[in-house]
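Below is one structure; the comments refer to it alone.
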């Protein structure tokens, strides 16, 4: 292979790499400074513990992980908290939700849904009640989403 052909091939590969880098959105631009417990404390105060079976990854249909959904409990108050913590598009305002379904006779869905930079969090009283939880994270164009959930009743004590 001549030097000229080699240089042309390298140039084409470099151009393709630059094009791919500018087209693909930087989903993981920075690290989220908040944990699930910090999100619940920041929004509602108190001391929060991670619940058993209280973690789901928020994944896209293609399997990419864009964050985590946590179920936490405050034993002093009897409240549950769900926090959706972003690991994609951190620092960028995107649609983010945290949802808690409490089996209190009427199966009330409690949610926090808005454009958030780091997390969404919701709490509701749940001592002695079973709960389900889920969260979503949207991309900046609101075209694609990642979701994580536990769609069966648990944490009933």
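Numbering (mature numbering (1 follows the signal peptide of the UniProt record, and there is no 0)), first residue to last: -29 to -1, 1 to 128. Virtual Cβ for every residue (Gly too), placed ideally from N, Cα, C.
Would you say residue 69 and residue 91 are within 8 angstroms of each other, going by their C-beta atoms?
Counted from its first residue, the chain shown places residue 69 at position 98. Counted from its first residue, the chain shown places residue 91 at position 120. Their beta carbons are under 8 angstroms apart, which means residue 69 touches residue 91 by this criterion.
Does the region 26 to 37 come close enough to the region 9 to 16 to have 3 or more Cβ pairs within less than 8 angstroms?
Flag = no, the region 26 to 37 and the region 9 to 16 do not touch.
Pick from 94, 88, 38: whose alpha carbon is nearest that of residue 56?
Residue 56 sits at position 85 when you count from the first residue of the chain shown. It is 38 whose Cα lies nearest to the Cα of residue 56.
Go ahead and pull the three-state DSSP assignment for residue 3.
Working through the chain shown from its first residue, we reach residue 3 at position 32. It is coil, neither helix nor strand.
Given a threshold of 16 other Cβ atoms within 10 Å of its Cβ, counted over all protein chains shown, does residue 32 qualify as buried or as exposed?
Here residue 32 is taken as the residue at index 61 of the chain shown, counted from 1. That one is exposed.
Kindly provide the ranges of any beta strand (DSSP E) runs that are 3 or more residues long and lie completely inside the region 17 to 94, ordered along the chain.
Listed in chain order, the complete beta strand (DSSP E) runs (minimum 3 residues) inside the region 17 to 94 are 20 to 30, 36 to 45, 50 to 57, 65 to 73, 79 to 87.
Using a Cβ-Cβ cutoff of less than 7 angstroms, which residues in the same chain neighbour residue 98 once the five nearest sequence positions on both sides are dropped?
Reading the chain shown from its first residue, position 127 is the one you call residue 98. Result list for residue 98: 49, in chain order.
Counterpart residues of residue 107 in DSSP-defined beta bridges:
For the purposes of this step, residue 107 is identified with residue 136 of the chain shown, where counting begins at 1. Residue 107 pairs with 68, 118.
Measuring only the C-alpha atoms, how far is residue 126 from residue 22?
Reading the chain shown from its first residue, position 155 is the one you call residue 126. Reading the chain shown from its first residue, position 51 is the one you call residue 22. Distance between the alpha carbons of residue 126 and residue 22 is about 7 angstroms.
Would residue 88 be called buried (16 or more neighbouring beta carbons within 10 Å of its own) or exposed?
Position 117 of the chain shown, counted from the start, is the residue given in the question as residue 88. Only exposed fits residue 88, as fewer than 16 other CB atoms lie within 10 angstroms of its CB.
Rounded to whole angstroms, what is the Cα-Cα separation between residue 104 and residue 36?
The count along the chain shown starts at 1 and reaches residue 104 at position 133. The count along the chain shown starts at 1 and reaches residue 36 at position 65. Computed Cα separation, rounded: 18 angstroms.
Leaving out five residues on either side along the sequence, give the residues of the same chain with a beta carbon under 8 angstroms from the beta carbon of residue 86.
For the purposes of this step, residue 86 is taken as the residue at position 115 of the chain shown. Beyond the five residues adjoining it in sequence on each side, residue 86 comes within less than 8 angstroms, by CB distance, of 64, 65, 66, 67 in the same chain, given in chain order.
Could you pull the DSSP bridge partners for residue 96 from this structure?
Here the question's residue 96 lines up with position 125 in the chain shown. Bridge partners of residue 96: 50.
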